[in-house]
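Enquirer: Residue numbers (the working numbering): 601 to 801. Glycine is no exception: its CB is placed at the ideal position from the N, C-alpha and C atoms. As the structure is a prediction and not an experimental result, all values here were calculated from the model. Here it is: the structure, laid out below.
Laid out in structure tokens, this is it:
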């Protein structure tokens, strides 16, 4: 752990195995990247399993009795393994969801075990994130418990994004939220003119 002024940060992952895989992949792909020959479609389809995402730095930030799990683009099952190998903790005040709310980076069992009072979702609609299926997994795992999902973008901003429009994700998200009467009450969006989110822990 790194500590300064009452703040402690503990790096949970990646492990040396993920770092070694990243180095090997980076050496292999560097020429393609420099020539701009990377296959964008294939890259988009493999986001949840790319070595670049799986080598994201995951850490726990603690101050006093409060804790935040910061996840980068790591995959949920990998994070859960790292945390369980360390002996926990598995409950946090804030859980910043991985990969802007991608459904490829989370699972229902992960949400059942890694719990939080506040979930933070940073997707703006690009690549379809946050994805409706991710919300459904979270709701199914946690039910109507005492937690809040904080969004960094408004519903209008999400629905206006071309990828949300292209795949009709606004309607899909509405269907997920309307599946249970309490689901919409779990979401908090920034107010008009707000450019940041403050969580009172």
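Using the Cα positions of residue 726 and residue 788, report the straight-line distance between them to the nearest angstrom.
Expert: Position 126 of the chain shown, counted from the start, is the residue given in the question as residue 726. Position 188 of the chain shown, counted from the start, is the residue given in the question as residue 788. Whole-angstrom Cα-Cα distance: 20 Å.
Enquirer: Could you pull the start and end residues of the beta strand (DSSP E) that residue 690 belongs to?
Expert: Working through the chain shown from its first residue, we reach residue 690 at position 90. Counting along the chain, residue 690 falls outside any beta strand (DSSP E), and DSSP gives it neither H nor E.
Enquirer: Can you look up residue 637 in the DSSP assignment and give me helix, strand or coil?
Expert: Numbered from its first residue, the chain shown carries residue 637 at position 37. Interpretation of residue 637 is limited by its pLDDT of 47, a score under 50 that renders its predicted location unreliable; no figure is taken from the coordinates.
Enquirer: Looking only at C-alpha atoms, which of 757, 766, 697 and 762 sits nearest to residue 794?
Expert: Translated into positions along the chain shown, residue 794 becomes position 194. Taking only the C-alpha atoms, the option nearest residue 794 is 757.
Enquirer: Assuming residue 765 is part of the alpha helix (DSSP H), what are its boundary residues?
Expert: In the chain shown, counting from the first residue as 1, residue 765 sits at position 165. Element bounds for residue 765: 762 to 766.
Enquirer: Thinking residue 780 and residue 739 are a contact (beta carbons under 8 Å), I'd like their distance in whole angstroms, please.
Expert: For this step, residue 780 is matched to residue 180 along the chain shown. For this step, residue 739 is matched to residue 139 along the chain shown. Going by Cβ atoms, the distance from residue 780 to residue 739 rounds to 7 Å, so yes, they are a contact pair.
Enquirer: Could you have a look at residue 617 and say whether DSSP puts it in helix, strand or coil?
Expert: As a working mapping, residue 617 is identified with position 17 in the chain shown. Three-state DSSP puts residue 617 in a helix.
Enquirer: Could you please give me the residues that DSSP links to residue 667 through a beta bridge?
Expert: Stepping through the chain shown from its first residue, residue 667 is reached at position 67. 662.
Enquirer: Run through the DSSP bridge pairs and tell me what residue 609 is partnered with.
Expert: Along the chain shown, read from residue 1 onward, the residue named residue 609 stands at position 9. Under DSSP, residue 609 takes part in a beta bridge, and its partners are 602 and 661.
Enquirer: Anyone know if the C-beta pair for residue 786 and residue 749 falls short of 9 Å?
Expert: Within the chain shown, the letter at position 186 stands for residue 786. Within the chain shown, the letter at position 149 stands for residue 749. Yes. Within cutoff.
Enquirer: Whose CA, out of 701, 608 and 715, lies closest to the CA of residue 723?
Expert: If you number the chain shown from 1, residue 723 lands on position 123. Nearest C-alpha to residue 723: 701.
Enquirer: Using alpha carbons as the reference points, say which of 754, 775 and 760 lies closest to residue 792.
Expert: The residue given as residue 792 occupies position 192 in the chain shown. That would be 754, whose Cα lies nearest to the Cα of residue 792.
Enquirer: Any idea what DSSP makes of residue 798, helix, strand or coil?
Expert: Position 198 of the chain shown, counted from the first residue, corresponds to residue 798. Looking at residue 798 - three-state DSSP - the assignment turns out to be coil, as it is neither helix nor strand.
Enquirer: What does the Cβ neighbour count give for residue 704, buried or exposed, with the cut at 16 atoms within 10 Å?
Expert: For this step, residue 704 is matched to residue 104 along the chain shown. Buried, by the Cβ-count rule.
Enquirer: Can you grab the Cα-Cα spacing for the pair residue 676 / residue 605, in whole Å?
Expert: One-based indexing of the chain shown puts residue 676 at position 76. One-based indexing of the chain shown puts residue 605 at position 5. One C-alpha to the other measures close to 30 Å.
Enquirer: Report the rounded CA-to-CA distance for residue 690 versus residue 714, giving the unit in angstroms.
Expert: Here the question's residue 690 lines up with position 90 in the chain shown. Here the question's residue 714 lines up with position 114 in the chain shown. Rounded to the nearest angstrom, the two C-alpha atoms are 5 Å apart.
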